[in-house]
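Peer 1:
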Amino acid sequence: MWNNWYSRHKGKFKKIAVLVLCIAAALYGLCFYMSYKAADIFNQVVAERQLFPGTVTVERLTATPGGTVSFENLVWNDEDGDTLVQIPKGQFTVKLSDVLTGHIGTQTVEDVTLDNAYIHLIFNDKMELQHVKKISGHQSGDPRGFIKVTGPKGNHPFNCHVALHQSVIEAEAPGRHFTIGDVEFSSHIHTKGKTTLDLRAGHFSGTLEAKSLRIRGSLDFKPDTPQYNLSLLLNDCNPRSLGAGLDIDDAATVSADIRGPLYAPVIDGTLKMDRLDITALVFTDVVGQVHYEQGLLDVTEVTAGVFGGSMKGQGQVNLDDRSYTADMTGSRLKGGIAAHDLFLRCDVDLNLHMEENKSAGTKAIYGDFRSGPGRYHNVPFRGISGSFAQDGKTLNFRDVVISMFFGDVSTDAFSIVNGKVKIGAINIDYKNGKRSRWGKGGPQTIR
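Quick note: the sequence shown uses this note's numbering, first residue 279, plus one each step.
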């Protein structure tokens, strides 16, 4: 029975087998064509270099029928020969429709993954990415002759996902330069809409130095000027690296929100420092509010512990002319801790002003103080007051008055040089109206 049935349908089986082989051959040919076209899209983009002028080379290039192109040792040098991109290993996926039609555009790429990459980004003063050249066939005076990637008038938009693993990003703009290591980055880039991003990085060096960096949020490219909506966490930042005259190496942590236009971000957040050592003051548990806008960093509502008391203050750092100012008020500072003399027991209130301009070569530190009643070597006094100013490593005191039970002891010349105390003439004004002076020649009665 089987033989009879097979004999009757033998011709049909042959036709089906031939059809299957033809379909398989066609599919294989289509897959080969699609993988070839996917790789060809990469080659055409490199050859035309409409968006990326310079020289792009790659050692190995493979593609799959699904539109995924893998490459090794890709290097992009600009027209001056400087390396802008170096990628040991990476891959990207292109739209299947573009693979079939051969259409190449900025939205052809849907996904990009780069491993151990080096990327050098160069911006102008409006935070516009450089190394973008004009479209051929347009006059230079015609604004349509320029490639515009972002905004409602963008003629070359991007819409793809980008991921970087263990990479290095170097970015520079006028007056700014950063290098970020150990980058883990994920972003859905939509240059005619909202771009989301998540950046985690290790050591951060350059105009600003920090141990680690985290940025999350979005960039809205729908307006003509893109807008920030990001959160920032900067760990163990070195204030000295700002180059604004802050000779401070104590680590600071900043958590903040970034808003405003792309070329002029506005940053608001909180600054924290476990320790801050400036001049003769050592602060602990420093907390303050920060506001950055147009090159000015304002630090307000600062609180800290110092010499067993508390401190409040505010200041401003100008990153453009490398200057800073700070005003602080201290309350109930322990006099013995401040003077490094445990025999002095009193609480001191302090006003302190500091300023420096690296560009102009000027620096000033001065203030005044007043204590409540206390004791020194079991000798009671009613209070101590005076003013001070720092000149290099010398701390000079003026108008120092110690109110005693018998009158006031004062001096116009009192300084600390490299930890050693130097005292000039001492005046004693007694309650009975008499006055005497102690100098190198011993006591002298003035009246």
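Using N, Cα and C, we set each Cβ at its ideal position, and we do this for glycine too.
(1) When the Cα of Asp502 is compared with those of Glu579, Gly538 and Gly608, which residue comes out closest?
(2) Let me confirm a value: Ile747 is counted as buried when at least 16 other C-beta atoms fall within 10 Å, else exposed. Which label applies?
(3) Given a threshold of 16 other Cβ atoms within 10 Å of its Cβ, counted over all protein chains shown, does Ala604 qualify as buried or as exposed?
(4) According to DSSP, is Arg518 part of a helix, a strand, or is it coil?
(5) Please report how far the alpha carbon of Leu574 lies from the alpha carbon of Leu597, in whole angstroms.
(6) Just reading off the alpha helix (DSSP H) that Ala542 is part of, what are its end residues?
(7) Find the nearest neighbour of Ser496 within the set Glu487, Asn507 and Phe456, judged by alpha-carbon distance.
(8) Quickly, what does DSSP pair Thr578 with across the bridge? List them, please.
(9) Are there 16 or more other CB atoms within 10 angstroms of the CB of Tyr708, so buried, or fewer, so exposed?
(10) Rounded C-beta distance between Asp234 and Ser509? I'm assuming under 8 Å.
(11) Going by alpha carbons, who is nearest to Leu374 out of Leu362, Val347 and Tyr396?
(12) Where Cys309 and Phe349 are concerned, what is the direct C-alpha to C-alpha distance, given to the nearest angstrom?
(13) Sort out for me which residues DSSP pairs Gln505 with in a bridge.
(14) Per DSSP, what kind of secondary structure is Ile526 in: helix, strand or coil?
(15) Considering Cα atoms alone, identify which of Ala395, Tyr541 and Asp555 is closest to Ala529.
(16) How would you label Ser609, buried or exposed, when you count the other beta carbons within 10 angstroms and need 16 or more for buried?
(17) Can you tell me which of the three DSSP states Lys426 falls into?
(18) Cβ of Pro501 versus every heavy atom of the ligand PLP: is any distance shorter than 7 Å?
(19) Ser637: buried (16+ other C-beta within 10 angstroms of its C-beta) or exposed?
(20) Could you tell me the boundaries of the alpha helix (DSSP H) in which Gly614 lies?
(21) Can you name the start and end residues of the beta strand (DSSP E) that His631 belongs to?
(22) Give the DSSP-derived three-state secondary structure of Leu374 in the structure shown.
(23) Cβ of Asp393 within 8 Å of Cβ of Gly368?
(24) With distance defined between alpha-carbon atoms, name the residue in Gly639, Asp625, Gly614 and Gly587 nearest to Tyr602.
(25) When you compare the CB positions of Ile704 and Arg715, do they come within less than 8 Å of one another, or not?
(26) Note down the Cα distance separating Thr607 from Leu475, rounded to an integer number of angstroms.
(27) Beta-carbon separation of Ile397 and Phe436 under 8 Å?
(28) What is the rounded straight-line gap between the Cα of Ser681 and the Cα of Pro651?
(29) Can you give the Cα-Cα distance for His416 and Val544, rounded to whole angstroms?
(30) Measure how close the beta-carbons of Val678 and Asp686 come, nearest whole angstrom, since I'm counting them as under 8 Å.
(31) For the candidate residues Thr485, Gln594, Gly484 and Arg648, whose alpha-carbon lies nearest to that of His569?
(32) For Thr340, which of Gly332, Thr333 and Asn351 has the nearest alpha-carbon?
(33) Return the first residue and the last residue of the beta strand (DSSP E) that Phe647 is part of.
(34) Where does Thr469 fall in DSSP's three states?
(35) Can you check DSSP and say which residues form a bridge with Gln594?
(36) For the candidate residues Ile526, Tyr541, Leu540 and Glu571, whose alpha-carbon lies nearest to that of Asp552?
Peer 2: Result, derived from the coordinates:
(1) Along the sequence shown, read from residue 1 onward, the residue named residue 502 stands at position 224. Minimum Cα distance to Asp502 is reached at Gly538.
(2) This structure does not reach residue 747, given that the chain is present from 279 up to 725, and the question cannot be answered.
(3) Position 326 of the sequence shown holds residue 604. By the neighbour-count rule (16 or more Cβ atoms within 10 Å), Ala604 is buried.
(4) On the sequence shown, residue 518 is found 240 positions in, with the first residue counted as 1. In this structure, Arg518 counts as helix in the three-state DSSP scheme.
(5) As a first step, residue 574 is located in the sequence shown; it is residue number 296 there, counting from the start. As a first step, residue 597 is located in the sequence shown; it is residue number 319 there, counting from the start. In this structure, the CA atom of Leu574 is about 6 Å from the CA atom of Leu597.
(6) If you number the sequence shown from 1, residue 542 lands on position 264. For Ala542, there is no enclosing alpha helix (DSSP H), as DSSP gives it neither H nor E.
(7) To locate residue 496, count along the sequence shown from 1; it is residue 218. Out of Glu487, Asn507 and Phe456, Asn507 has the C-alpha closest to the C-alpha of Ser496.
(8) On the sequence shown, position 300 is the one that residue 578 refers to. Gln567, per the DSSP bridge assignment.
(9) Along the sequence shown, read from residue 1 onward, the residue named residue 708 stands at position 430. Counting of Cβ neighbours within 10 angstroms places Tyr708 among the exposed residues, the total staying below 16.
(10) Nothing about residue 234 can be reported from this structure: the residues present for the chain run from 279 to 725 only.
(11) For this step, residue 374 is matched to residue 96 along the sequence shown. Considering only alpha carbons, the answer is Val347.
(12) Stepping through the sequence shown from its first residue, residue 309 is reached at position 31. Stepping through the sequence shown from its first residue, residue 349 is reached at position 71. In this predicted model, Cys309 has a pLDDT of only 46, less than 50, meaning its place in the structure is not dependable; the value taken from the coordinates is given anyway. Using only the alpha carbons, I get a separation of about 19 Å.
(13) Residue mapping note: residue 505 aligns to position 227 of the sequence shown, counting from 1. Answer is Asp498 and Pro539, bridged to Gln505.
(14) Locating residue 526 in the sequence shown gives position 248, counting from the first residue. The DSSP-derived three-state label of Ile526 is coil.
(15) The sequence position of residue 529 within the sequence shown is 251, counting from 1. In this structure, Asp555 is the residue among Ala395, Tyr541 and Asp555 with its C-alpha nearest to the C-alpha of Ala529.
(16) Here the question's residue 609 lines up with position 331 in the sequence shown. With fewer than 16 Cβ atoms within 10 Å of its Cβ, Ser609 is classed as exposed.
(17) As a working mapping, residue 426 is identified with position 148 in the sequence shown. The predicted model places Lys426 with a pLDDT of 48, which falls under 50 and marks its position as unreliable; any figure quoted below should be read in that light. Here Lys426 sits in coil by DSSP.
(18) The ligand PLP is absent from the structure shown, which contains no ligand whatsoever.
(19) Along the sequence shown, read from residue 1 onward, the residue named residue 637 stands at position 359. Flag for Ser637 reads exposed.
(20) Reading the sequence shown from its first residue, position 336 is the one you call residue 614. Per DSSP, the unbroken alpha helix (DSSP H) holding Gly614 starts and ends at Gly613 to Ala616.
(21) Against the sequence shown, residue 631 aligns to sequence position 353. From DSSP, the beta strand (DSSP E) with His631 extends over Asp625 to Asn635.
(22) Residue 374 sits at position 96 when you count from the first residue of the sequence shown. In the three-state reduction of the DSSP assignment, Leu374 falls in the helix class, which pools H, G and I.
(23) What you label residue 393 is simply residue 115 of the sequence shown in a count that begins at 1. What you label residue 368 is simply residue 90 of the sequence shown in a count that begins at 1. The beta carbons of Asp393 and Gly368 sit closer together than 8 Å.
(24) Residue 602 sits at position 324 when you count from the first residue of the sequence shown. Tyr602 has its Cα closest to that of Gly639, out of Gly639, Asp625, Gly614 and Gly587.
(25) Stepping through the sequence shown from its first residue, residue 704 is reached at position 426. Stepping through the sequence shown from its first residue, residue 715 is reached at position 437. The criterion of a C-beta distance shorter than 8 Å is satisfied by Ile704 and Arg715.
(26) The sequence position of residue 607 within the sequence shown is 329, counting from 1. The sequence position of residue 475 within the sequence shown is 197, counting from 1. Distance between the alpha carbons of Thr607 and Leu475 is about 41 Å.
(27) Position 119 of the sequence shown, counting from 1, holds the residue named residue 397. Position 158 of the sequence shown, counting from 1, holds the residue named residue 436. Result no, Cβ atoms of Ile397 and Phe436 do not sit closer than 8 Å.
(28) As a working note, residue 681 is residue 403 in the sequence shown. As a working note, residue 651 is residue 373 in the sequence shown. Here the C-alpha atom of Ser681 lies approximately 9 Å from the C-alpha atom of Pro651.
(29) As a first step, residue 416 is located in the sequence shown; it is residue number 138 there, counting from the start. As a first step, residue 544 is located in the sequence shown; it is residue number 266 there, counting from the start. Note that His416 scores 37 on pLDDT, short of 50, meaning its location in the model is unreliable; the coordinates nonetheless yield the value given after this. Annotation: His416 to Val544 spans about 37 Å, alpha carbon to alpha carbon.
(30) For the purposes of this step, residue 678 is taken as the residue at position 400 of the sequence shown. For the purposes of this step, residue 686 is taken as the residue at position 408 of the sequence shown. Actually they are not in contact, since the Cβ atoms of Val678 and Asp686 sit about 10 Å apart, beyond 8 Å.
(31) Along the sequence shown, one-based indexing puts residue 569 at 291. Shortest Cα-Cα distance from His569 to any of Thr485, Gln594, Gly484 and Arg648 involves Gln594.
(32) If you number the sequence shown from 1, residue 340 lands on position 62. Answer by Cα proximity: Asn351.
(33) Taking the sequence shown and counting its residues from 1, the one referred to as residue 647 is at position 369. Start and end: Thr640 to Ser649.
(34) Against the sequence shown, residue 469 aligns to sequence position 191. Thr469: coil per DSSP, three-state reduction.
(35) The count along the sequence shown starts at 1 and reaches residue 594 at position 316. Paired residues: Asp576 and Thr603.
(36) Taking the sequence shown and counting its residues from 1, one reaches residue 552 at position 274. The residue with the shortest Cα to Cα distance from Asp552 is Ile526.
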